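Asker:
Chains as they are written, first to last, in the working numbering: chain P, 4 to 219; chain S, 5 to 138.
#1: Apart from the five residues just before and just after residue 165 of chain P, which ones in its own chain have a Cβ nearer than 8 Å to its Cβ?
#2: If you measure from the beta carbon of residue 157 of chain P to each beta carbon in chain S, is any gap under 8 Å?
#3: For residue 183 of chain P, which of S:127, S:111, S:112 has the nearest alpha-carbon?
#4: Give me the Cα-Cα distance between residue 162 of chain P and residue 92 of chain P, rounded to the nearest whole angstrom.
#5: Reducing DSSP to helix, strand and coil, say where residue 107 of chain S ends up.
#6: Measuring straight from C-alpha to C-alpha, what distance separates residue 118 of chain P and residue 45 of chain S?
#7: Could you list which residues in chain S have their beta carbon closer than 8 Å to that of residue 190 of chain P, in chain order?
#8: Is the beta carbon of residue 22 of chain S sitting closer than 8 Å to the one on residue 124 of chain S?
#9: Classify residue 57 of chain S as helix, strand or coil using the three-state DSSP reduction.
#10: When DSSP builds the beta bridges, which residues end up paired with residue 131 of chain P?
#11: In this structure, how does DSSP classify residue 62 of chain P when only helix, strand and coil are distinguished?
#12: Can you give me the C-alpha to C-alpha distance between residue 74 of chain P and residue 27 of chain S, rounded to a whole angstrom?
#13: Could you pull the start and end residues of the beta strand (DSSP E) that residue 92 of chain P belongs to?
#14: Report the residues of the segment 156–189 of chain P with a CB closer than 7 Å to any CB of chain S, ordered along the chain.
#15: Identify each residue in the segment 75–92 of chain S for which the Cβ-Cβ distance to at least one residue of chain P is less than 8 Å, and report them in chain order.
#16: Please check if any C-beta of chain S sits within less than 8 Å of the C-beta of residue 202 of chain P.
#17: Leaving out five residues before and five after residue 112 of chain S in sequence, what residues of the same chain have Cβ atoms less than 7 Å from its Cβ?
#18: Check residue 43 of chain S in the structure and name its three-state DSSP category.
#19: Is the segment 100–108 of chain P touching the segment 165–179 of chain P, taking contact as three or more C-beta pairs under 8 Å?
#20: I'd like to know whether the C-beta of residue 125 of chain S is nearer than 8 Å to at least one C-beta of chain P.
#21: Quick one: which chain P residues come within Cβ less than 7 Å of residue 122 of chain S?
Here is the structure:
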């Protein structure tokens, strides 16, 4: 799984007011809308409510799958079921799958998610928290959702005694790189290296084919 | 890594203006703070105006005002107005040049990714943290 997000707002464009899915669905009547408009014209626009961050529930999965599909263009229901079993159901403690929700308890809507786990002694590194997926509903960006999600993950990692948070991103993922930078993250001690091994790959054996299938 | 003088002046200026949103700041004030002539700074600022990052207001109480989006404008956006990051090393005939070019390209790409990930808003946060540490 990779950390995903796409798109970049023009550097000098005025920021578009964030519209939550909740407000789009619960459109007020024309009269109520007029009254609301005249009232808001006199005052500063209300800041979007701070989202609540909690562990994922089975009922959140359709929204998570839809959000991922919006951002990546791929609908991966089976994959997300596996992630839910591993990080949601079997999570807590060292593995976490958190969602950010807005609205009251009955019709709260998922506006983002983050997934991470504690990994220890990889390449000699003491236990540290890894964030390997984070997504925010594009309509909710710049509304503090990502910050709240990351804060939730930091808190859970700290509870188990972890004092360092890591992530890894593609160089050209400007949007997410900027987000993590804005949270105070900087280049770390480890340097990722990679090599293209496609030319060296042997013909896949039956077991390898099954494994390759699982990766899809 | 070293940035050219005009690039550094542009970054100083953008930070100065972005830290005082809505305020008109005179070129003379910024120039004096960084020990530069107002005439020289004006050339740098005109490039920032052309790029739509700041606007200039003439007359009494005039000056320059930040018009960019500090949460989206990155260091790379500013730097590239004044100098290219890296150079085109493709097509080198010599194998040693090609190998060295690969290493230098890797460094250039990392530098560009770093500058491209730091917004003016983040840089202002870093300035505040650095001031608190002093």
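We put the beta carbon where it would ideally sit given N, CA and C, even for glycine.
Bear in mind that the values here come from a model prediction, so they are computed numbers and not experimental data.
Answerer: In short, the structure shows the following:
#1: 121, 130, 131, 132
#2: no
#3: S:127
#4: 19 Å
#5: helix
#6: 47 Å
#7: 118
#8: yes
#9: coil
#10: P:122
#11: It is helical.
#12: Residue 74 of chain P and residue 27 of chain S have their C-alpha atoms roughly 38 Å apart.
#13: Per DSSP, residue 92 of chain P belongs to no beta strand (DSSP E) and is neither H nor E.
#14: 174, 177, 180, 181, 184, 185
#15: 75, 76, 77, 78, 81
#16: no
#17: 89, 90
#18: Three-state DSSP puts residue 43 of chain S in a helix.
#19: No, the segment 100–108 of chain P does not touch the segment 165–179 of chain P.
#20: Cβ-Cβ to chain P under 8 Å: yes for residue 125 of chain S.
#21: 184
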